[in-house]
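Colleague: Just dropping this structure here.
2 protein chains.
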Amino acid sequence: MTDAFFFELQARDAEARTGVIKTPKGGIRTPAFMPVGTAGTVKAMLPDHVRATGADIVLGNTYHLMLRPTAERVAALGGLHKFMNWPRPILTDSGGFQVMSLSKLRKLTEEGVSFQSHIDGSSHMLTPERSIEIQCLLGSDIQMQLDECPAMPIAHGDARQSMELSARWAARSKAAFVEKSKPGQALFGIVQGANYEDLRRESLDRLMEIDFPGYSVGGLAVGEGREEMFRVLEFTTPHMTLEKPRYLMGVGKPADIVGAVARGIDMFDCVAPTRSGRHGQAWTKAGPINIKNARYADDPEPLDAQSDCPASRDYSKAYLNHLFRAGEYLGPMLLTWHNLQYYQDLMAAMRDAISAGRFGQFIADFKAATGEEIV
Amino acid sequence: MTDAFFFELQARDAEARTGVIKTPKGGIRTPAFMPVGTAGTVKAMLPDHVRATGADIVLGNTYHLMLRPTAERVAALGGLHKFMNWPRPILTDSGGFQVMSLSKLRKLTEEGVSFQSHIDGSSHMLTPERSIEIQCLLGSDIQMQLDECPAMPIAHGDARQSMELSARWAARSKAAFVEKSKPGQALFGIVQGANYEDLRRESLDRLMEIDFPGYSVGGLAVGEGREEMFRVLEFTTPHMTLEKPRYLMGVGKPADIVGAVARGIDMFDCVAPTRSGRHGQAWTKAGPINIKNARYADDPEPLDAQSDCPASRDYSKAYLNHLFRAGEYLGPMLLTWHNLQYYQDLMAAMRDAISAGRFGQFIADFKAATGEEIV
Chain A
3 MTDAFFFELQ ARDAEARTGV IKTPKGGIRT PAFMPVGTAG TVKAMLPDHV
53 RATGADIVLG NTYHLMLRPT AERVAALGGL HKFMNWPRPI LTDSGGFQVM
103 SLSKLRKLTE EGVSFQSHID GSSHMLTPER SIEIQCLLGS DIQMQLDECP
153 AMPIAHGDAR QSMELSARWA ARSKAAFVEK SKPGQALFGI VQGANYEDLR
203 RESLDRLMEI DFPGYSVGGL AVGEGREEMF RVLEFTTPHM TLEKPRYLMG
253 VGKPADIVGA VARGIDMFDC VAPTRSGRHG QAWTKAGPIN IKNARYADDP
303 EPLDAQSDCP ASRDYSKAYL NHLFRAGEYL GPMLLTWHNL QYYQDLMAAM
353 RDAISAGRFG QFIADFKAAT GEEIV
Chain B
3 MTDAFFFELQ ARDAEARTGV IKTPKGGIRT PAFMPVGTAG TVKAMLPDHV
53 RATGADIVLG NTYHLMLRPT AERVAALGGL HKFMNWPRPI LTDSGGFQVM
103 SLSKLRKLTE EGVSFQSHID GSSHMLTPER SIEIQCLLGS DIQMQLDECP
153 AMPIAHGDAR QSMELSARWA ARSKAAFVEK SKPGQALFGI VQGANYEDLR
203 RESLDRLMEI DFPGYSVGGL AVGEGREEMF RVLEFTTPHM TLEKPRYLMG
253 VGKPADIVGA VARGIDMFDC VAPTRSGRHG QAWTKAGPIN IKNARYADDP
303 EPLDAQSDCP ASRDYSKAYL NHLFRAGEYL GPMLLTWHNL QYYQDLMAAM
353 RDAISAGRFG QFIADFKAAT GEEIV
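Protein chains in written order, with the working numbering: chain A, 3 to 377; chain B, 3 to 377.
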């Protein structure tokens, strides 16, 4: 284990890739799915079980953590890894996306974004420098630059202005990161430009000039639809360097992920498996089911009898149905666990398929099993 | 493992006892604390972790289970053990106590008690025979007779009438149990009589004439206070046969349990560790603390650094404080686990002390550590 951060590309199958991101806190097998641990906990999960599903890395949300318990408090307690009892890699976002979606009275300027906390109304300012400072206080292994993530549809001129602001913030983020970070930590730049090919290219060029150890694709999965998202990836990822990891932020459902891996993406995060698990939706090899449906009240079969995951294997659908109807904690606990296992099994299966040069067959099988048409 | 149910008394220290209740589903070390799994789940706990704390047996509530998912459904799914993934002994109550405290429009007659469900208003009738039928459908290893549990204070005449009704129901319960039960299952009679010595004696005599493999002490922990509860135990347990287990229903806080063990009780159940855990109260060797208190927001120490329990050992008080403030599932999950570990550690320590003939010293140490005066 060295202090270096680097990506080891191990195999390619058409545009799809598999490899390992090496960090001082451990390796991250790609394609990787990162469970979301918003407020320092993957909701309803014990860290040991998150790991047992096969997760190499979890995501923390800068916006939530800066407000409660605060980055300074987490730092005084030894950092986010120790705080949440997760000794492996952690990626944090910049906080920008959630400021824009969750906070009140937000105001965007060249300097950054000022806002009021959705928790207690207190005033805060998030700049590229402050975001990096917070992420370094948390001790994040993979940090994100502050960016602006505009909604789509957006006019070309507005998309250009927004992309250029994000590019200037990328440079300021890099400067702050160089000053504050520790060896082995990494900062990713974020490609913006909405669904305009020229802007995505220009955004990428400007980021590569600044030079980052990894690049995120931002501004997608904001309502544009799966086909449009795939179209943007198709004219973006081929221009990204092969040697750096590529992270598609906030994506997605299983078919989104499979399709994005086919288009060259390496890293993903999404609340889908955890949030839907808390609400009674279970992902299965044949697609999602709602366990609260009356049809499961007498079903003696588990979600996946062949699984090694206790949540998938050791409890009948009838029991899970009962737990949700009775409003018991154990329902969300088991379904979250099951869904995370489903996602990690999916990632592992894709890594194997890419290594074996049979990812095309994998996609065909996935479409047939789930009934998904666009992958 | 035979099909027999029996109690092996291993050691006595004054009135305190230690031993093992042997059942076909496994042994129950006494004094025993039974975590409450009301609706087929010990709230916010995985069964493996319930077991890991040292629990040999859990309790299920007939009232809740008969209404949802229904005893017939549980039976069709293979019984409560399989349903909730707990292969060890299960004790069920008769349902009577919760009918009286939770249901609507209840009416008590010689035949039984009719009531409306608190969930959907549906009408039900619970008789001694129906209670046994339900408990046999669930597959309970230790079943309880239907009884009436009057509030205190109660006049002597009313207490006598109530106790006599419970005694008649005991006989009907036994007859139904003989007909419906399987080898190795046990039915306990319940001693009533409020806080009247003559009635408790008479209740016990009538039950011993019917003959049960174990006896519960009911009608306590209903607001009479710890001193009064101990006074009732002091004139009740000395008349109970040494060879049968004694179960004090619905008790209690740690000091209640320690004091009741000193007065000859072998088995306990209570929602205290689980319910208080969900609300942020943690039991510690120095007594209970409220983890939501601001004083813990920066406390880097775990609840018990010496514990083998991950919930007690691997998370700082500051983190637990954060989880409760943020309304995260993991807060109740960890504090419930910690509290159950505390309770099971307490029971194990009492068993050791009784075996070693130093239970008096154990009580003195417990009082000194917790500041409890009445034990």
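For every residue, glycine included, the Cβ atom is placed at its ideal position computed from N, Cα and C.
Report back the beta-carbon spacing between A:R327 and A:K294 to the nearest angstrom; my notes put them in contact at under 8 angstroms.
Modeller: Taking the first residue of the first sequence as position 1, residue 327 of chain A is located at position 325. Taking the first residue of the first sequence as position 1, residue 294 of chain A is located at position 292. Right, their Cβ atoms sit about 7 angstroms apart.
Colleague: If you measure from the beta carbon of B:P89 to each beta carbon in chain A, is any gap under 8 angstroms?
Modeller: Position 87 of the second sequence, counted from the first residue, corresponds to residue 89 of chain B. Answer no: the Cβ-Cβ gap between B:P89 and chain A never drops below 8 angstroms.
Colleague: Rounded to a whole number of angstroms, what is the C-alpha to C-alpha distance between A:Q346 and A:A57?
Modeller: Residue numbering aside, residue 346 of chain A sits at position 344 when the first sequence is read from its first letter. Residue numbering aside, residue 57 of chain A sits at position 55 when the first sequence is read from its first letter. Spanning the two alpha carbons is a distance of roughly 7 angstroms.
Colleague: Quick one: using the 10 Å Cβ neighbour count with 16 as the cut-off for buried, is B:A18 buried or exposed?
Modeller: The count along the second sequence starts at 1 and reaches residue 18 of chain B at position 16. Buried.
Colleague: Using a Cβ-Cβ distance under 8 angstroms, would A:M154 count as near chain B?
Modeller: Here residue 154 of chain A refers to the residue found at position 152 of the first sequence. No, A:M154 does not count as interfacial toward chain B.
Colleague: Under 6 angstroms Cβ to Cβ from B:F368, same chain only, skipping five residues before and after it: list those, please.
Modeller: Taking the second sequence and counting its residues from 1, the one referred to as residue 368 of chain B is at position 366. These residues qualify, in order along the chain: V260.
Colleague: If distances are taken between C-alpha atoms only, which option among A:R203, A:A73, A:M210 and A:L110 comes closest to A:L189?
Modeller: The residue given as residue 189 of chain A occupies position 187 in the first sequence. Ranking the options by Cα distance to A:L189, first place goes to A:M210.
Colleague: Would B:P302 and B:S314 qualify as a contact pair, given that the criterion is a beta-carbon distance under 8 angstroms?
Modeller: Counting from one through the second sequence, the residue named residue 302 of chain B turns up at place 300. Counting from one through the second sequence, the residue named residue 314 of chain B turns up at place 312. Result no, Cβ atoms of B:P302 and B:S314 do not sit closer than 8 angstroms.
Colleague: Return the residues of the stretch 324-335 of chain B that lie within a Cβ-Cβ distance of less than 8 angstroms from chain A, sorted by chain order.
Modeller: H324, L325, R327, A328, E330, Y331, L332, P334 and M335
Colleague: Establish whether the CB of A:D300 and some CB of chain B are separated by less than 8 angstroms.
Modeller: Here the question's residue 300 of chain A lines up with position 298 in the first sequence. Yes - at least one Cβ of chain B is within 8 angstroms of the one on A:D300.
Colleague: Beta carbon of A:A178, beta carbon of A:I212: below 8 angstroms?
Modeller: Indexing the first sequence from 1 puts residue 178 of chain A at position 176. Indexing the first sequence from 1 puts residue 212 of chain A at position 210. It is not a contact, given that the beta carbons lie outside the stated cut-off.
Colleague: Which of helix, strand or coil does DSSP assign to B:R353?
Modeller: Within the second sequence, numbered from 1, the residue matching residue 353 of chain B stands at position 351. B:R353 falls in the helix class under three-state DSSP.
Colleague: Leaving out five residues on either side along the sequence, give the residues of the same chain with a beta carbon under 8 angstroms from the beta carbon of B:A16.
Modeller: Against the second sequence, residue 16 of chain B aligns to sequence position 14. These residues qualify, in order along the chain: A264, F361 and G362.
Colleague: Examine chain A for any beta-carbon lying closer than 8 angstroms to the beta-carbon of B:S318, and answer yes or no.
Modeller: On the second sequence, position 316 is the one that residue 318 of chain B refers to. It does: the Cβ of B:S318 has a partner Cβ on chain A nearer than 8 angstroms.
Colleague: Here's the rule: buried if 16 or more other CB atoms are within 10 angstroms of the residue's CB, otherwise exposed. What is A:T64?
Modeller: Walking along the first sequence from the start, residue 64 of chain A turns up at place 62. So A:T64 counts as buried.
Colleague: Would a C-beta distance cut-off of 8 angstroms place B:L249 and B:G216 closer than the cut-off?
Modeller: Here residue 249 of chain B refers to the residue found at position 247 when the second sequence is read from its first residue. Here residue 216 of chain B refers to the residue found at position 214 when the second sequence is read from its first residue. The residue you asked about is not Leu; residue 249 of chain B is Tyr in the sequence shown. In this structure, B:G216 lies closer than 8 angstroms to B:Y249 by Cβ.
Colleague: Take A:E181 as the anchor and find which of A:P130, A:S168 and A:P290 has the nearest alpha-carbon.
Modeller: As a first step, residue 181 of chain A must be located in the first sequence, where it is residue number 179. Distances from the alpha-carbon of A:E181 to those of A:P130, A:S168 and A:P290 put A:P130 closest.
Colleague: Determine the direct distance from the alpha carbon of A:R31 to that of A:D271, and round the result to whole angstroms.
Modeller: By 1-based counting over the first sequence, the position of residue 271 of chain A is 269. By 1-based counting over the first sequence, the position of residue 31 of chain A is 29. The straight-line gap from Cα to Cα measures roughly 14 angstroms.
Colleague: Quick one: Cα of B:T276 to Cα of B:Y344, how far?
Modeller: Counted from its first residue, the second sequence places residue 276 of chain B at position 274. Counted from its first residue, the second sequence places residue 344 of chain B at position 342. Between B:T276 and B:Y344, the C-alpha separation is close to 11 angstroms.
Colleague: Kindly list the residues whose CB is nearer than 8 angstroms to the CB of B:A34, restricted to its own chain and excluding five residues on each side of it in sequence; keep chain order.
Modeller: The sequence position of residue 34 of chain B within the second sequence is 32, counting from 1. Answer for B:A34: I23, D58, I59, D268, M269, F270 and M349, listed in chain order.
Colleague: Residues bridged to B:G115 by DSSP?
Modeller: Numbered from its first residue, the second sequence carries residue 115 of chain B at position 113. A small correction: the amino acid at residue 115 of chain B is Val; Gly does not occupy that position in the sequence shown. For B:V115, which the question treats as bridged, DSSP gives the partners B:L110 and B:L128.
Colleague: Can you list, in chain order, the residues of its chain with a C-beta nearer than 6 angstroms to that of B:S218? Leave out the 5 residues immediately preceding and following it.
Modeller: Translated into the one-based positions of the second sequence, residue 218 of chain B becomes position 216. The answer, listed in chain order, is F190, I192, Y249 and M251.
Colleague: Do three or more CB pairs link the stretch 99-116 of chain A to the stretch 46-55 of chain A at distances below 8 angstroms?
Modeller: no
Colleague: Helix, strand or coil for B:S133 per DSSP?
Modeller: In the second sequence, the residue the question calls residue 133 of chain B occupies position 131. DSSP, reduced to helix, strand and coil, places B:S133 within a helical segment of the structure shown.
Colleague: Just to confirm the assignment: which complete beta strand (DSSP E) runs, minimum length 3, are found wholly within the stretch 248-318 of chain A?
Modeller: Runs found: 248-250, 269-272, 283-286 and 289-292.
Colleague: Less than 8 angstroms between the CB atoms is what I'm expecting for B:L140 and B:G62, so what's the real figure, rounded?
Modeller: Here residue 140 of chain B refers to the residue found at position 138 when the second sequence is read from its first residue. Here residue 62 of chain B refers to the residue found at position 60 when the second sequence is read from its first residue. About 7 angstroms; that satisfies the 8 angstroms criterion.
Colleague: Consult DSSP for A:P37 and reduce its assignment to one of helix, strand or coil.
Modeller: Numbered from 1 along the first sequence, position 35 holds the residue referred to as residue 37 of chain A. Here A:P37 sits in strand by DSSP.
Colleague: Classify B:D385: buried if its beta carbon has 16 or more other beta carbons within 10 angstroms, exposed otherwise.
Modeller: Outside the shown range of chain B, which is 3 to 377, sits residue 385 of chain B, and nothing can be said about it.
Colleague: Answer with buried or exposed for A:H83, where buried requires no fewer than 16 other C-beta atoms within 10 angstroms of its C-beta.
Modeller: Position 81 of the first sequence, counted from the first residue, corresponds to residue 83 of chain A. Classification for A:H83: buried.
Colleague: Please state whether the Cβ-Cβ distance between A:M86 and A:I136 is less than 8 angstroms.
Modeller: By 1-based counting over the first sequence, the position of residue 86 of chain A is 84. By 1-based counting over the first sequence, the position of residue 136 of chain A is 134. Not a contact, by the Cβ cut-off of 8 angstroms.
Colleague: Look up A:R31 in the DSSP assignment and say whether it is helix, strand or coil.
Modeller: Taking the first sequence and counting its residues from 1, one reaches residue 31 of chain A at position 29. Correct three-state label for A:R31: strand.
Colleague: Quick one: is B:P240 buried, meaning 16 or more other Cβ sit within 10 Å of its Cβ, or exposed?
Modeller: Translated into positions along the second sequence, residue 240 of chain B becomes position 238. Flag for B:P240 reads exposed.
Colleague: Among A:A13, A:K255 and A:Q187, which one has its Cα closest to the Cα of A:I92?
Modeller: Position 90 of the first sequence holds residue 92 of chain A. When only C-alpha atoms are compared, the closest one is A:Q187.
Colleague: With 16 as the cutoff for other CB atoms within 10 Å, does B:Q145 come out buried or exposed?
Modeller: By one-based count along the second sequence, residue 145 of chain B stands at place 143. By the 10 Å Cβ count, B:Q145 comes out buried.
Colleague: Under 6 angstroms Cβ to Cβ from B:A257, same chain only, skipping five residues before and after it: list those, please.
Modeller: For the purposes of this step, residue 257 of chain B is taken as residue 255 along the second sequence, with counting starting at 1. Correct list, in chain order: E374 and V377.
Colleague: Just to confirm the assignment: which complete alpha helix (DSSP H) runs, minimum length 4, are found wholly within the stretch 72-99 of chain A?
Modeller: 73-78 and 82-85
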